[in-house]
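A.B. asks: The number in my numbering is simply the position in the sequence shown, starting from 1, with 23 added.
The C-beta atom is built at its ideal place from N, Cα and C for all residues, glycine as well.
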Amino acid sequence: MPEDALFAEVLDPGNRADPYPIYARLRRTPVARQRDGAYVVSTHAAIRSLLFDPRLSSEDLPPSRRPRTGNPLKDWLLNPIRNRVANAHRPLIFRDPPEHDTLRGFVMSEFTIARVNGLHGRVAALVDGLIEACRGRDTVCLVDDLSYPLPVAVICDLLGVPEQDEPQFHAWATRLATALEPDARRDEEARRETVATFDAIADYMRALIRRKRRQPGDDMLSGLARRDRPGMGEVDLIATAVLLLVAGHETTVNLITNGMLTLLRHPDELGRLRADPERAPQVIEELLRYEPPVHFRTRKALGDIAVAGTTIPKGAPIVLLFAAGNRDPERFPEPDRFDPDRTDIQHFGFGGGLHYCVGAPLARIEAEIALVALCRRLRDPRLLADPPPYRPGASLRGPENLGIRIGGIL
Ligand code: HEM
24 MPEDALFAEV LDPGNRADPY PIYARLRRTP VARQRDGAYV VSTHAAIRSL LFDPRLSSED
84 LPPSRRPRTG NPLKDWLLNP IRNRVANAHR PLIFRDPPEH DTLRGFVMSE FTIARVNGLH
144 GRVAALVDGL IEACRGRDTV CLVDDLSYPL PVAVICDLLG VPEQDEPQFH AWATRLATAL
204 EPDARRDEEA RRETVATFDA IADYMRALIR RKRRQPGDDM LSGLARRDRP GMGEVDLIAT
264 AVLLLVAGHE TTVNLITNGM LTLLRHPDEL GRLRADPERA PQVIEELLRY EPPVHFRTRK
324 ALGDIAVAGT TIPKGAPIVL LFAAGNRDPE RFPEPDRFDP DRTDIQHFGF GGGLHYCVGA
384 PLARIEAEIA LVALCRRLRD PRLLADPPPY RPGASLRGPE NLGIRIGGIL
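#1: With H, G and I counted as helix, E and B as strand and the rest as coil, what does DSSP make of Y481?
#2: DSSP on I328, reduced to helix/strand/coil?
#3: Helix, strand or coil for G374 per DSSP?
#4: Report whether the distance from the Cβ of R354 to the nearest heavy atom of ligand 1 is below 7 Å.
#5: Check whether the Cβ of F361 lies closer than 7 Å to any heavy atom of ligand 1, and answer yes or no.
#6: Go through its chain and collect everything with a Cβ distance to I279's Cβ below 6 Å, but skip five positions before and after it.
#7: In terms of residue numbering, what span does the alpha helix (DSSP H) encompassing G246 cover?
#8: Suppose contacts are defined by Cβ-Cβ distances below 8 Å. Is P114 in contact with A262 by that definition?
#9: Check whether the Cβ of I388 sits closer than 7 Å to any heavy atom of ligand 1, and report yes or no.
#10: Closer than 7 Å by C-beta to I224: which residues in its own chain qualify, once you throw out the five before and the five after it? Chain order, please.
#11: For P363, I'd like the list of residues in its chain whose CB is within less than 7 Å of its CB, leaving aside the five on either flank, ordered along the chain.
#12: For F30, which residues in the same chain have their Cβ closer than 6 Å to its Cβ, ignoring the five residues on either side in sequence?
#13: Is R71 near ligand 1, with its Cβ less than 7 Å from a heavy atom?
#14: Should G60 be counted as a contact of ligand 1 given a C-beta to heavy atom distance under 7 Å?
#15: Pull up the CB-CB distance for D242 and G183, whole angstroms please, since I reckon it's below 8 Å.
#16: Rounded to whole angstroms, how far is the Cβ of P172 from the Cβ of L153, which I believe are closer than 8 Å?
#17: Going by beta carbon distance, what residues of the same chain come within less than 6 Å of L181, once the five residues before and after it are set aside?
#18: With DSSP run on the structure shown, which of helix, strand or coil describes V130?
#19: Within this structure, are the beta carbons of T503 and Y313 separated by less than 8 Å?
#20: Could you give the residue range of the alpha helix (DSSP H) that holds T275?
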């Protein structure tokens, strides 16, 4: 395969189960121009330097365009206005400074350590309930039975979504799951469905925010909806709430599922975690390096950028291939070995720089509690198929389902 077509191979669903040999080939050219003009960055050092470079823009989302409906009022008046508003108020993950920093600051002021730590008991209770519901069964599908329902329930709790609305929220989360996938943006039908779901969830959020303003609770949305936040109007507030749902959902699903898959492939490590749950933080960090839920993110060059012997021209799309940097032998000894005892482990699992994941502490708590509980309570877990089937997404990469014979519940 020619070097300038390697990223097309990464996107090919046929390579989803093991993209790492392609990443190793890409790393031979740290910044590799592809046929479509995109530059793929795959070594740890080059990714790191670009993550902190202000000449990279995150405003690389194509403009929002609602499809024609045949209704002249919608096609000529309402939808063009909605498109303009949506383009001016993208979620902060697709914004640059100074607006990005203002919006992120508001989120950080609500995403406090105390609030996240306060979710500990709730996460543990949810995990226990989900495992208990599998009692009496021989096999489980980890994705459907635990990884998928857990993060969305936690986000609802965090945002203060009333319990009776949770099923609706689950359905939206499922439909939006791949909304951040760069490859999903190319499929017209998928875009149409995503836009319709965004409209539905935005309408719901608008009403919920009004209720929170009339009757604030101690949840995150009530805090974000306070009126003393210049720079965060209603549309930005809605975009932020939807982003928190989308960014924290599929990613956490993948960390738990990839985590259990990796532990089942390394039974000695599973046994060590079962015997000593204190190992959980180091297991999670190594998982974020070894099998990260987010394999790459895209950017746009705001100027000519010279990096690792290549000049990326102004305007070019850039792919930061985090998962390749995480396995760079120049940075990590024996990078293809899963080794939770590593001490030097600066991975890109949560990105880095300006857009570093705001939900990292929450994701770590959810994954730790879920994986420890699974290791301790499943009597004799074994994979039903290896590799499992994967969802098509190349960036948010994870199994479609993960069948496990459990041997009973303790
Ligand atoms: C294992 C779970 C998670 C992983 C692997 C993950 C990964 C990431 C990564 C790689 C980025 C950087 C994106 C970029 O550079 O363009 C990011 C950003 C972000 N994440 Fe997470 N994330 C996880 C969970 C969460 C959770 C639970 C939340 C919130 C409830 C969340 C909210 C966000 C937000 C809002 C951003 C954008 C930050 C910004 O643009 O400044 N994430 N995440």
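C.D. replies: By the coordinates alone:
#1: The structure shown has nothing for residue 481, since the chain only spans 24 to 433.
#2: strand
#3: coil
#4: no
#5: no
#6: S170, A390, A393
#7: 243-247
#8: yes
#9: no
#10: W195, V265
#11: E292, R302, Q305, V306, E309
#12: Q57, V63
#13: no
#14: no
#15: 3 Å
#16: 6 Å
#17: M243
#18: helix
#19: Nothing about residue 503 can be read from this structure; the chain reaches only from 24 to 433.
#20: 257-288
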